[in-house]
Structure formats: structure tokens, C-alpha cells
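Worksheet for the structure shown next.
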Amino acid sequence: MATLFNQGTLLFTPAGGSQTSVVTNTTSTDLTVSYGLQVLHGAYPETFGNGDTILYTVVLRNIGSGTLVLPTVTVDLGGSALSYVPGSAAAFLYDGTALSPYPFTVSGGSVVFSFSEPLPAGASVLLFYQATVNESAGETVISTATGVAYEGVATGPAVSDSDTATITRMPISIVKSAPDSAEVGDSISYLFTITNNTGESVALDQLTDQLPAQFTLTGVTLTVGGSVIPLAEGTDYTLTAAGLLTVDPTTSLALGAGETVVLAVNGVVTA
């Protein structure tokens, strides 16, 4: 441990005398180095259905005044609820002014990210990776990220911190899809893929969709268990003059646990 020594000298001239000096006492200040590590863990989005891909983030921050070496981050993948997406990870060092790539390796079942470069005082590592939600996941998935690094040298004392990121099962997931391109006169379909992510039956009551002015509706179908069911205009769905489609089947559709249906809104592109 370094020490700062300091001593002062005072010059003075007494009345009728000559200039002389006096030396002060010597002060000493021990220079200390503090070490600290902070971990912040996040998930985007914070809701999920089976098979969804979640973007996870980990911030590993050196909150001390000394350099940390051999930092690692271990994520437990929510127990067995998540599967790491190989090749999805990226890491960057932020030194307070700019981002730069930060080399790492990935290993293990509960994924371990190992960094060979030191983590300077005040700097942060920004780590990104993706994981898919397994069918065995419960209503909530809690992922824990734990960071460990060593004070100054590889044989120094370890410092650590951890944080959690929680995602919650969304009871119903709905994804709308459409062709990437179409020409006037083409027949296209807007597809609504609806999945029941719960463990019980759910009644689908109503769906609304504001259709584009350049789209002429020709029909609506529902695909359940591979069977395509045409819906009847006026009873199962209505369309206003302003193009607002309301699908409201006369018989409420029961969507079983884990079941998926596809609602197709079919039409023609007009000028």
C-alpha cells in the first residue's frame, strides 16, 4: 500500500533580523484502493408464450477504484425453463466515453461467460444474449445472473454480485402476419395466430381490425386443429363502411390449454 508523505517549509523575517525558515511536521496519508462489483439483469419483453425468444441483458459494472480481473457472468437460465440460443451473445466494454467489443467465451449448461480482459475502475461490460422459453416453463421464469471478478490480480480476493430478471407468461399470445409485398389485384390474407398459453380453456370472444382503405374483404376463416371453418358475415363478423372488422362468432370459441388457432382475413388489394 502506497503512502503520501508531505512536509512544508515556512520562510519568515523577524523585525530587525534576517530571514530564516522553519520546517513543518511530516504528514502521511495511506493510499487505499476499493473494490466493488455491481450486476444488473434485464429481460425484453417481460411477457412470454411457449417457444418465445427473450433478449436478456447483463451489465457488469466496476464500482470500485481498483481494476478487476478475470470477470465472469453465470446465468442459470431460469432453472430448466430457458434454452440459450447458441451464437446469440455479444459483449461490449463501456469506459465512460465509448463502446468497444469485449472478448468472451461461453461454456456450460447454466451459461458461463468468461472475459479475459481486465475491467478498469468505473467501466462496465454490457452483455446481450437470447434464450428461448421451454414448454416446461411455469407462469413466471426468474433468471439469475451472477458476476464474479478478482481484486487486481488473478490470485486476489473475489468480489461478486447478482441480480434477477423475471418474465411472466402471457395468457394469450396473438401475432398478426401479412405478405411482405403485393400488387393491385392480388389476393392476400391477414393471419392472426392466437395461442392459449395457460393450462386451462379460454373463451375467445371478439377481435377487431381496422382494415386498410386499399383492401376489399372477401371472407374470414378460422383454422382449428387443421380444419378450415368459414365464418358468416352478419352473424360471425361485421364490417363497417369505414373498414372496421369485428369478428364476434355467435358461438364463443373455446381455445384449449396450449391450443393454437389461426384467423384469416381474406381480401383483394385495390387501387
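Counting with this note's numbering, you get residues 114 to 384 for the letters of the sequence shown. Built from N, CA and C at the ideal position, the CB exists for glycine as well.
The alpha carbon of residue 139 has as its nearest neighbour, out of 362, 118, 308, the alpha carbon of 118. Taking the CA atoms as reference points, residue 161 sits about 17 Å from residue 154. The three-state secondary structure of residue 293, taken from DSSP, is coil.
Under the rule that a run must span 3 or more residues, the beta strand (DSSP E) segments found entirely inside the segment 207-289 read 212-214, 218-220, 225-227, 237-246, 253-264, 271-282. Distance from the CA of residue 365 to the CA of residue 199, rounded to the nearest whole angstrom, comes to 42 Å.
For residue 190, DSSP assigns no beta-bridge partner whatsoever. If you ignore the 5 residues before and after residue 241, its C-beta comes within less than 6 Å of the C-beta of 170, 203, all in its own chain and listed in chain order. Residue environment analysis places residue 317 among the buried positions, since at least 16 neighbouring C-beta atoms fall within 10 angstroms of its C-beta. Contact between the segment 326-334 and the segment 350-365 is established, with three or more Cβ pairs separated by less than 8 Å. Residue state for residue 346 is assigned as strand, using DSSP reduced to three classes. The residues 263, 267, in chain order, have a CB closer than 6 Å to that of residue 183 in the same chain once the five nearest residues on each side in sequence are set aside. In this structure, the CA atom of residue 133 is about 29 Å from the CA atom of residue 142. Annotated as distal: residue 298 and residue 378, with beta-carbon spacing of 9 Å or more. Within the same chain, and ignoring the five residues on either side of residue 261 in sequence, the residues whose Cβ sits closer than 6 Å to its Cβ are 185, 271, 273. Excluding five sequence positions before and after residue 213, the CB atoms of its chain that fall closer than 7 Å to its own CB belong to 205, 206, given in chain order. Ranked by how close their Cα comes to the Cα of residue 383, the residues 188, 243, 175, 300 have 300 in first place. Under the three-state reduction of DSSP output, residue 131 falls in the coil class, being neither helix nor strand. With a beta-carbon spacing of about 5 Å, residue 308 and residue 286 fall inside the 8 Å limit used to define contacts. A direct Cα-Cα distance of roughly 14 Å separates residue 367 from residue 376.
Judged by DSSP secondary structure, residue 379 falls within the beta strand (DSSP E) whose first and last residues are 373-382.
Its Cα nearest to that of residue 249, the residue 311 stands out among 311, 277, 177.
Under the three-state reduction of DSSP output, residue 317 falls in the strand class. For residue 115, there is no enclosing beta strand (DSSP E), as DSSP gives it neither H nor E.
The shortest CA-to-CA distance from residue 157 to any of 192, 238, 243, 208 is the one to 243. Look at residue 324 here: in three-state DSSP terms it is coil, with no helix or strand label. Note on geometry: alpha-carbon atoms of residue 275 and residue 218 lie some 20 Å from one another. Cβ atoms of residue 164 and residue 245 come within 8 Å of each other, at about 6 Å.
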